[in-house]
Amino acid sequence: MTDRRAGHVILGVNALVLGYLPAAWQSPLLKKDSFVDPAYWETIGRTAERGTLDALFLADVPLLSDPAHDANPIRLEPTVNWGHVAAATERIGLVATASTTFNDPFELAERLLSWDHLSGGRAGWNIVTTRGATAARNFGLPDVPLRDDRYDRAAEFVDVVRALWDSAVTGADVSHHGEVFALDGRLRVPPSRQGRPVLLQAGGSPKGRELAGRVAEGVFAAELTKDKAIEHYRLVKRLAHAHGRSPDDVKILPGLLLTLGSTEEEARRRNDELHDAGPAAYSVQWLSQSIGHDASKLDLDEPFPEDVLAAPEDPQTFQGSMGFRESIVAQIRRTNPTVREYLRQTRYSGSGHAGFVGTPEQLADHIEDWFHSGAIDGFNLQPDVLVDGLEVIADELVPLLRRRGLYRHDYDTDTLRGHFRAAAPTPRFD
Amino acid sequence: MPAPYLALGLAGPHLVELTGSAALLARWDALPAAFTVLGLDRVEGSAPAGQTLDSSAVGAALAGRTARGRFLVVASPQRDHPYNLARRVASLGHLSRGRSGLLVGVRDAYAGVDPATPARAHAAARAVRALEQSWPYDSIVGDTDTGILVRSNEIVHVDLDGEFPIAGPLTAPEPPTGASVIAWYGPGAVSPGPVDLVIGEGGSVPVTPLGATPPRDAAGVLLRPALGQTADELLTAAEELLAEGFRPVGPGSLRAALGLAAPARRAGGRAAFPVPQPNPSLPTSRSRS
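Protein chains in written order, with our numbering: chain E, 894 to 1323; chain U, -1 to 287.
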């Protein structure tokens, strides 16, 4: 895979509220309630648009984790949040996460298409199935269904939503009587400039990837190593092909946790300071949830025991993401670090999603390398602190990528689907 | 008694018309009306119109594109769950700077045939209010000395049972302007309860068809165009009525505009999180933490 690819990468930014590190809220650029401040969100939208970025993403779970030291668990409802940002912007695509486990397909189809219409065709839906009993208890359920059952529901949910979006164009009623949903009716929402919202998928389980190959136009992947990324890139593109689609119809966009500085040393110092200002328990809790094992019970100065790496106790009830777990275990196996070393190392290299700490030039090198290696169609960048991290992306990274012919100089398209279609085609592979 | 305020009730096609025109939006935003219902036809018992938009999606667009106009988003809990609805209501409260509220109806004409009863609608209204109040805005402290962003021990579970069992808390704090106004459409409002305002039959805000003479002896009057009438015609009529003695309502939050007191908080409530401790850093010594 040494052939140079023609065309440009896709650049998305995953907002993660104020930034991916828990201490992001302590930035002097922010107010104590920036996470719910309309002016903050408008600034994020306008800065992303200044950089001619393709899309802003917003993750979501319908539950509150403890926000004592971290704004990341605090969530406005994504379609409303991005609906408001859409009104303050003109070109940037906006992707809202919504659960197929805790929504109704008719209601969500109507809401997403309405937002797509109102935004001038810039809406995307990141399809997730939602993990964990805490969310279930907000919806009158003791726990979420098993993973395979959640994905069966997701697959039918998505089919119903797509049929309803079609009904808004044809005016013909949908009559759906499936395993999970029974529905007769149609949407009366005017079509959007891009026809209907763009579908994205984020899970790394086999059924998640199957859903991606069948319907998703973008995959928000979790990749720690380039080799694994290439393998998954080809896997999903092949799945799309097997469903009679062009590999170009599904764009692969791994997340990349990001700390940028004008020198590598400055970037590492910024990253260290942000980590030191945040809660220590954050890393341990995150690791525990991600690998399906209580990391606080591990000896910090010993390597990870084999049984911990082997598998979660039960993949059906495991609360974490299978895609994250797979990428974390692959990373640990490569260097066999102690638990403490791993927790410190992930400051710079990421955990679950890959991490990057360095200069904008180094980041441009990294993007160029993965792009020409056929590992990605683009990245979903996740700055440590969004408010200034996004400015560096827009004002420093993007001009570097433009000079290398890897990014457009201005918006050539004005819908999210248009942005995706204007990006580089899939490189050939066997 | 003082002159009534004016409110507007838009049906589906009016939502499409209003949001499709910058000029109409500017007139709407400048109008000193009390509030506008975004999709009254969803819950007033009529057949669905040819076009509509989701009410909260329109609310989000208005929050970003206008600065003064107030609005009620419309919902009935047939298909959607009150936890999702409460998230949208609270989010709109923040992003509109308090200009938004919720109109609850029993049945949504566009939603099909799912179960719809007044009891279910009331349970949804109660849940939305409880969830919005589950996280007091004042608990946000942002103290960089202690590393504490939120005194999260002040956040409570709602522990609702009945029609919609919900543990809570909500994913976002109460808006700084207070819990959102909850209005009810038509007969059947239960008192005491979370409902601040009743629109239509049995309420303090009668609905008047556009073109009819509105009453002057009510707290407010809601002007409702027919499907054959346009949002443009509605705005013109509203501008005239406000020039002819209806009470103009200046900028501000919806709750303040309607002169409504902040709703009482539910007593007690199970703390959702422990008292936050000043923030210790990741241990660097060999000792186990």
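For every residue, glycine included, the Cβ atom is placed at its ideal position computed from N, Cα and C.
Considering only residues of the same chain and omitting the five flanking positions on each side of residue i, which have a CB-CB separation below 6 Å?
i: Ser1060/E; result: Val1067, Arg1079, Leu1080
i: His1136/E; result: Gly1106, Arg1107
i: Arg1301/E; result: His901
i: Gly218/U; result: Pro2, Tyr3, Ala5, Ala32, Val203
Between which two residues does the beta strand (DSSP E) containing residue i stretch?
i: Gly99/U; result: 98 to 102
i: Ser1155/E; result: Taken as a continuous stretch (DSSP letters only), Ser1155/E belongs to no beta strand (DSSP E), as it is neither H nor E.
i: Arg264/U; result: No beta strand (DSSP E) contains Arg264/U, which DSSP labels as neither H nor E.
i: Asn1229/E; result: Segment: none, Asn1229/E is in no beta strand (DSSP E) and carries neither H nor E.
i: Thr34/U; result: 33 to 36
i: Ile1286/E; result: Unbroken run through Ile1286/E: none, as it is neither H nor E.
i: Phe1050/E; result: Per DSSP, Phe1050/E belongs to no beta strand (DSSP E); it is in the alpha helix (DSSP H), 1040 to 1063.
i: Arg222/U; result: 218 to 222
i: Ile138/U; result: 138 to 141
i: His901/E; result: Unbroken run through His901/E: none, as it is neither H nor E.
i: Gly1271/E; result: 1271 to 1276
i: Asn965/E; result: Here Asn965/E belongs to no beta strand (DSSP E), and DSSP marks it neither H nor E.
i: Leu195/U; result: 195 to 197
i: His1070/E; result: 1067 to 1070
If you draw a straight line from the C-alpha of residue i to the C-alpha of residue j, how long is it?
i: Gly1111/E; j: Phe950/E; result: 12 Å
i: Ser1139/E; j: Thr1319/E; result: 9 Å
i: Gly1311/E; j: Leu1283/E; result: 23 Å
i: Ala1065/E; j: Ser1007/E; result: 18 Å
i: Pro1147/E; j: Phe1113/E; result: 5 Å
i: Ser927/E; j: Gly209/U; result: 45 Å
i: Trp133/U; j: Arg66/U; result: 26 Å
i: Asp1307/E; j: Pro1084/E; result: 16 Å
i: Glu1000/E; j: Leu83/U; result: 11 Å
i: Leu280/U; j: Pro1172/E; result: With a pLDDT of 39 at Leu280/U, under the threshold of 50, the modelled position of that residue is not reliable, and no figure is offered here.
i: Asp963/E; j: Thr211/U; result: 55 Å
i: Val1054/E; j: Glu1158/E; result: 49 Å
i: Gln275/U; j: Asp136/U; result: 18 Å
i: Ala73/U; j: Trp182/U; result: 10 Å
i: Asp1041/E; j: Arg63/U; result: 42 Å
Give the DSSP-derived three-state secondary structure of residue i in the structure shown.
i: Phe1032/E; result: helix
i: Gln1178/E; result: helix
i: Phe1249/E; result: strand
i: Trp133/U; result: coil
i: Phe999/E; result: helix
i: Val1037/E; result: coil
i: Ser279/U; result: At Ser279/U the pLDDT is 49, less than 50, meaning the model places this residue with poor confidence; the figure from the coordinates comes in the next sentence. Note: Ser279/U maps to coil in three-state DSSP.
i: Phe928/E; result: helix
i: Pro1205/E; result: coil
i: Thr206/U; result: strand
i: Asp1141/E; result: helix
i: Pro80/U; result: helix
i: Arg286/U; result: For Arg286/U, the predicted structure reports a pLDDT of 30, less than 50, and the residue's modelled location is therefore unreliable. A value from the coordinates is still provided. Here Arg286/U sits in coil by DSSP.
i: Met894/E; result: Note that Met894/E scores 46 on pLDDT, short of 50, meaning its location in the model is unreliable and no value can be drawn from it.
i: Pro1099/E; result: helix
i: Tyr3/U; result: strand
i: Leu93/U; result: helix
i: Ile985/E; result: coil
i: Leu923/E; result: coil
i: Ile153/U; result: coil
Under DSSP, the alpha helix (DSSP H) around residue i begins and ends at which residues?
i: Gly176/U; result: Taken as a continuous stretch (DSSP letters only), Gly176/U belongs to no alpha helix (DSSP H), as it is neither H nor E.
i: Thr972/E; result: 971 to 980
i: Phe1313/E; result: 1309 to 1314
i: Ser1088/E; result: Ser is not the amino acid found at residue 1088/E; the sequence shown has Gly there. Here Gly1088/E belongs to no alpha helix (DSSP H), and DSSP marks it neither H nor E.
i: Thr17/U; result: 10 to 17
i: Trp26/U; result: 20 to 28
To which residues of the same chain is residue i closer than 7 Å at the C-beta, ignoring the five residues directly before and after it?
i: His1186/E; result: Val1201
i: Leu1335/E; result: No information on residue 1335/E is available, as it lies outside the stretch 894 to 1323 that chain E covers here.
i: Gln919/E; result: Ala1170
i: Gln49/U; result: Gly10, Pro11, Val14
Mind checking if residue i is an interface residue toward chain A, Cβ cutoff 9 Å exclusive?
i: Trp182/U; result: The chain inventory of the structure shown lacks chain A, comprising the protein chains E and U.
If contact means a Cβ-Cβ distance below 9 Å, which residues of the stretch 1215 to 1237 of chain E contact chain U?
-> Arg1233, Leu1236, Arg1237
For the stretch 73 to 107 of chain U, which residues have a beta carbon sitting closer than 7 Å to at least one beta carbon of chain E?
-> Arg77, Asp78, His79, Tyr81, Asn82, Arg85, Arg86, Ser89, Leu90, His92, Leu93, Arg95
Identify each residue in the stretch 36 to 51 of chain U for which the Cβ-Cβ distance to at least one residue of chain E is less than 8 Å, and report them in chain order.
-> Pro46, Ala47, Gly48, Gln49, Thr50, Leu51
With 8 Å as the C-beta to C-beta threshold (strictly closer), list the residues of the stretch 902 to 926 of chain E near chain U in chain order.
-> Ala916, Trp918, Gln919, Lys924, Lys925, Asp926
Within 7 Å of chain U by C-beta, residues of the stretch 1011 to 1033 of chain E in sequence order | Leu1011, Arg1030, Asn1031, Phe1032, Gly1033
Using a beta-carbon distance cut-off of less than 7 Å, what residues from the stretch 193 to 213 of chain U approach chain E?
-> none
With 8 Å as the limit, tell me which residues of the stretch 955 to 972 of chain E have their beta carbon closer than that to any beta carbon of chain U; keep them in chain order.
-> Pro955, Leu956, Leu957, Asp959, Pro960, Ala961, His962, Asp963, Ala964, Pro966, Ile967, Arg968, Leu969, Glu970, Thr972
Contact residues within the stretch 1176 to 1190 of chain E, judged by C-beta distance below 9 Å to chain U | Ser1176, Val1177, Ser1189
Contact list for the stretch 157 to 190 of chain U against chain E, Cβ threshold 8 Å | Phe162, Pro163, Ile164, Ala165, Gly166, Pro167, Leu168, Thr169, Ala170, Pro171, Pro173, Pro174
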